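A.B. asks: Structure incoming, see below.
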Amino acid sequence: MRRRLLIASLLLWCSATTAAGLQTPTFTSRVDVVRVDVLVTERGRPVPGLAAEDFELRDNRVLQQVDLVSFEQVPLNVVFVFDFSASVSGQRLKDLRRAGNALLDGLDARDRVALISFNQAITQESGLTPDLARMRAALDDAAPSGGSSVIDATFAGMLLGESDVGRALVIVFSDETDTSSWLTTELVLSAASQSDAVVYVVSPGSPRRSSFLRDLASATGGRTFDLDSTSDLASVFVAVLEEFRRRYLLTYTPRGVAKEGWHRLDVRVKRRGLSVKARPGYQAGPVTPESSDR
Amino acid sequence: MVCLSVLLTPLVADGFEDLCATGGDADIGVQRQVRSLERFRHWLAAVRAHQPGTLDSAALAVGSWSRADLNTLSRWLEAFSDLLPAPGRPRREWRPPGASPADLEALRALADEVSSASGRNDVLKRAALLHADIVIHGTEDGTSFVELSPAQQLGRGRAAGPPARINLRVLDGEPQGMHMAGLHWDLARLALDAVTPVPSEDGMVRHWYRATAAYLLHSGSLADAVVHFQRAQEIFPDDPGVLFDNGCLHETFSSPPVQRLVQTTVLPGNLKIPIGTAGMNLQRAETYFRRALAGDPDFVEARIRLGRVVHLQGRHVEALGELQKSIGTTEDRYLLYYGSLFLGDVLQALDRHAAARDAYRRAAALYPGAQSARLALAQHARRVSDRPAALEAVQQVLALPHPSRGEREDPWWAYEHGAGRNLEDSLTALRKQFLHGSAK
Chain C
10 MRRRLLIASL
20 LLWCSATTAA
30 GLQTPTFTSR
40 VDVVRVDVLV
50 TERGRPVPGL
60 AAEDFELRDN
70 RVLQQVDLVS
80 FEQVPLNVVF
90 VFDFSASVSG
100 QRLKDLRRAG
110 NALLDGLDAR
120 DRVALISFNQ
130 AITQESGLTP
140 DLARMRAALD
150 DAAPSGGSSV
160 IDATFAGMLL
170 GESDVGRALV
180 IVFSDETDTS
190 SWLTTELVLS
200 AASQSDAVVY
210 VVSPGSPRRS
220 SFLRDLASAT
230 GGRTFDLDST
240 SDLASVFVAV
250 LEEFRRRYLL
260 TYTPRGVAKE
270 GWHRLDVRVK
280 RRGLSVKARP
290 GYQAGPVTPE
300 SSDR
Chain Z
249 MVCLSVLLTP
259 LVADGFEDLC
269 ATGGDADIGV
279 QRQVRSLERF
289 RHWLAAVRAH
299 QPGTLDSAAL
309 AVGSWSRADL
319 NTLSRWLEAF
329 SDLLPAPGRP
339 RREWRPPGAS
349 PADLEALRAL
359 ADEVSSASGR
369 NDVLKRAALL
379 HADIVIHGTE
389 DGTSFVELSP
399 AQQLGRGRAA
409 GPPARINLRV
419 LDGEPQGMHM
429 AGLHWDLARL
439 ALDAVTPVPS
449 EDGMVRHWYR
459 ATAAYLLHSG
469 SLADAVVHFQ
479 RAQEIFPDDP
489 GVLFDNGCLH
499 ETFSSPPVQR
509 LVQTTVLPGN
519 LKIPIGTAGM
529 NLQRAETYFR
539 RALAGDPDFV
549 EARIRLGRVV
559 HLQGRHVEAL
569 GELQKSIGTT
579 EDRYLLYYGS
589 LFLGDVLQAL
599 DRHAAARDAY
609 RRAAALYPGA
619 QSARLALAQH
629 ARRVSDRPAA
639 LEAVQQVLAL
649 PHPSRGERED
659 PWWAYEHGAG
669 RNLEDSLTAL
679 RKQFLHGSAK
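Order-wise, the sequence lines are chains C and Z. With my numbering applied, the first sequence covers 10 to 303. With my numbering applied, the second sequence covers 249 to 688.
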């Protein structure tokens, strides 16, 4: 299963490379596999032990044949996208560092982690690395100042997370007040529709913010945590990691659907009483005005 | 720090003002009795002593005055200006509030003395420079930082002087609280309004408005900019630079950060932030930029910004023409960067992807340390499903030097400064113009 997944990932990469050369991405049943990251819960708790036959997946309403990979088999690419603008200082900064370290404690040897900090500038404090000591040092060294480019930074985080065959978990910590991004929320949400990364958002302060990060989490099948204070931030980060590890990775080769364009996904579990969270769909091929109006 | 204006109903404004401590008074709402003539003499001495462009003792002294003092000063300044002799212009004599007949006589004598010593316009312009310097180089005046409560008392009489305005302070997109707007800009404008024969014919007045506009945009003092730019336009309705500044202000108002702030900020009672929608502000910006270009067709930055606001309103073909024209007529690297970046956006919207990519690449080549152009390349590559190119562009952003090494410069970060990008030059030129003899 793992070898098949590895091949599928490489083949998907080849597909993208072909697209780069020809600018005409194609969708052939032999080489193009779609990965869908799914969280199944019962009364808020992840449900273990499900098999491929427990799921029903529809791509643009067409039932698909699903393969399943348990998440433990796939190494993680964890990308921290942390707000280090002027508003993150004092106790909030300490809590953030502590939370980052707590999550690092939960990683295993195959996992890789990166830290992108942002204020006005986006900075890679550390690229994807299995070297946790280096990551801990990067967390300590990052210093807050200036404005906020959270929209730009989350975009960079998503792409960095996908740069490797591991499963991309992007954890964004920000109060979400963007002051200086070049990219727009629409562009980044559109990019999210083409991304395999799952974005979890942890947002301190008032929940009456713009919906961008919430929409981003939703578009990628992730979750949003709105915190009144950062005193429990470490437990939230650990919970994010634990929940992510318990997600299922469904793969399938699309059949019976148009190749390019927006593909709406409908993932269900046959057993009753369970909730399913997955990305609402994905964009195959170039984004067009029609495909961006969903 | 950014300041936005907050609109209040008159009753609420009165109540708010009364809640504000005036210059540190412990008794809220008490208007101190000021010895107005003496205070005016002090002010006049400060104006004449002040070294433009500095925060000297004269500026510090006047800068420390309370809001009540400045309110009173404004009335005395008006009365004084009306007493200054001007050819072909009869004096208008009237007593400011609290002034006795003897005070009026003394004020008249002061006006005569000032006029014969250095001329009326010299002192008026010096006054404008003094009050501008107090804001630009010093701390704000005696405004207060008050959060309204529902139980405030309403209905007290409005203090004399300029209309009360309330500003909302914003730091990194977060509202920090409201405060009464300062009065130094009002006083400066009041002084220049009395320049003869008319302010609109005075080059230094124009230059003052442009230089202070640059400061207001650079510092994010958008609340003060609204009134300031409006007055500049009333005096210089067809000046391309003044029109451009107004266009920049509305373009900033249309931006996502400002619109998000307006939409998400909760204000008490009847308060609201009087900024229109993004669409309304883009239309206004377009109008101002077009008028600026009507007066100066070679105004490259006005044309670039016109292209951008037209593009943002969905008229991509029209935007394309403006941007292509502007890029071909400038060698200014900042303007070329903006033009190339915006051109890339327009070409992308027109599905001319190879050309869009080339435009973004040109921008990236102009400022290799700028993240905005590389992010534009990344999102474009992603849009056309070129994942490797998208990742490469993002990795170039992530490989940029750490900001702590001071090597990051992104022209996009200075876009909303408008003319404020050249603030120091503008202020230096203003002082030189005043000091080397254009004061009349």
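In this text, a Cβ means the ideal position worked out from N, Cα and C, and glycines have one as well. For clarity, every value in this text was computed on a predicted model and none was experimentally measured.
For chain C, is any of its Cβ atoms less than 8 Å away from the one on R289/Z?
C.D. replies: no
A.B. asks: Locate the beta strand (DSSP E) running through A177/C, then write down its first and last residues.
C.D. replies: 176-182
A.B. asks: Are the C-beta atoms of I180/C and some chain Z residue less than 8 Å apart?
C.D. replies: Not closer than 8 Å to any Cβ of chain Z, the Cβ of I180/C fails to qualify, so no.
A.B. asks: Could you tell me which chain Z residues have their CB closer than 9 Å to the CB of D187/C, listed as they occur along the chain?
C.D. replies: G421, P504, P505, R508
A.B. asks: Taking D161/C as the query, report the chain Z residues whose CB atoms sit under 9 Å from its CB, ordered along the chain.
C.D. replies: Q619, S620, L623, V645
A.B. asks: Hey, would you say S220/C sits closer than 8 Å to L236/C, going by beta carbons?
C.D. replies: no
A.B. asks: Quick one: is the Cβ of H272/C within less than 7 Å of any heavy atom of the ligand COA?
C.D. replies: This structure lacks the ligand COA, and indeed carries no ligand of any kind.
A.B. asks: In chain order, what residues of the same chain have a beta carbon less than 6 Å from the beta carbon of L48/C, not counting five sequence neighbours either side?
C.D. replies: R256, K286
A.B. asks: If the cut is a Cβ gap below 9 Å, which residues of chain C does P651/Z touch?
C.D. replies: N128, Q129, A130, T132, S154, G155
A.B. asks: Going by the CB atoms, is the gap between G294/C and L274/C shorter than 8 Å?
C.D. replies: no
A.B. asks: Determine whether the beta carbon atoms of V122/C and L137/C lie at a separation below 8 Å.
C.D. replies: yes
A.B. asks: Nearest-angstrom Cα distance between A647/Z and L250/C?
C.D. replies: 27 Å
A.B. asks: Considering only residues of the stretch 240-302 of chain C, which uninterrupted alpha helix (DSSP H) runs meet the minimum length of 4 residues and lie entirely inside it, listed in chain order?
C.D. replies: Here the runs fully enclosed are 242-254, 298-301.
A.B. asks: Nearest-angstrom Cα distance between A142/C and D149/C?
C.D. replies: Near 11 Å, if we compare the C-alpha coordinates of D149/C and A142/C.
A.B. asks: Taking C-beta to C-beta, are R339/Z and D351/Z nearer than 8 Å?
C.D. replies: Contact flag unset, no.
A.B. asks: Suppose contacts are defined by Cβ-Cβ distances below 8 Å. Is W191/C in contact with S620/Z by that definition?
C.D. replies: yes
A.B. asks: Should R479/Z and R437/Z be called a contact, given that it needs their Cβ atoms to be closer than 8 Å?
C.D. replies: yes
A.B. asks: Quick one: using the 10 Å Cβ neighbour count with 16 as the cut-off for buried, is P366/Z buried or exposed?
C.D. replies: A quick correction: the sequence has Ser, not Pro, at residue 366/Z. S366/Z should be labelled exposed.
A.B. asks: Just to confirm before moving on: does the CB-CB distance between Y209/C and V42/C stay below 8 Å?
C.D. replies: Not in contact: Y209/C and V42/C (Cβ atoms no closer than 8 Å).
A.B. asks: Please report the straight-line C-alpha distance between K688/Z and L355/Z, rounded to a whole angstrom.
C.D. replies: Confidence is the limiting factor: at K688/Z the pLDDT is only 42, short of 50, which leaves the residue's position unreliable and the question unanswerable from this model.
A.B. asks: Drop a sphere of 10 angstroms on the beta-carbon of R337/Z, count the other beta-carbons inside from all chains shown, and report buried for 16 or more, exposed for fewer.
C.D. replies: exposed
A.B. asks: Measure the CB-CB distance between L541/Z and Q561/Z and report whether it falls below 8 Å.
C.D. replies: With contacts defined as CB atoms closer than 8 Å, L541/Z and Q561/Z fail to qualify as a contacting pair.
A.B. asks: As an exercise, report each continuous alpha helix (DSSP H) stretch of at least 4 residues that is fully enclosed by the stretch 453-528 of chain Z, in chain order.
C.D. replies: 470-483, 488-501, 504-512
A.B. asks: Run through DSSP, which three-state label would Q424/Z get?
C.D. replies: strand
A.B. asks: Can you check whether the CB of F253/C is closer than 8 Å to the CB of V207/C?
C.D. replies: yes
A.B. asks: Check whether the stretch 146-166 of chain C touches the stretch 60-79 of chain C, taking contact to mean three or more Cβ pairs, one atom from each stretch, closer than 8 Å.
C.D. replies: no
A.B. asks: Give a yes or no on whether 8 Å exceeds the smallest Cβ distance from Q203/C to chain Z.
C.D. replies: yes
A.B. asks: Residues of chain Z with CB under 8 Å from F253/C, in chain order?
C.D. replies: Simply none; closest approach about 22 Å.
A.B. asks: Are the C-beta atoms of L196/C and some chain Z residue less than 8 Å apart?
C.D. replies: It does; some Cβ of chain Z falls within 8 Å.
A.B. asks: Who are the near neighbours of L31/C in its chain, counting only those whose CB is closer than 8 Å to its CB and skipping five residues on each side?
C.D. replies: Confidence is the limiting factor: at L31/C the pLDDT is only 33, short of 50, which leaves the residue's position unreliable and the question unanswerable from this model.
A.B. asks: Here's the rule I'm using: 16 or more other beta-carbon atoms within 10 Å means buried, otherwise exposed. How should V514/Z be labelled?
C.D. replies: exposed
A.B. asks: DSSP on Y209/C, reduced to helix/strand/coil?
C.D. replies: strand
A.B. asks: Run through chain Z and tell me which residues come within less than 8 Å of F164/C, C-beta to C-beta.
C.D. replies: L623, A626, Q627, V642
A.B. asks: Check whether the stretch 85-94 of chain C and the stretch 114-130 of chain C touch, using three or more Cβ-Cβ pairs below 8 Å as the test.
C.D. replies: yes
A.B. asks: Tell me, please, which residues DSSP counts as bridged to Q133/C.
C.D. replies: I125/C
A.B. asks: Is there a Cβ of chain Z sitting closer than 8 Å to that of A95/C, yes or no?
C.D. replies: yes
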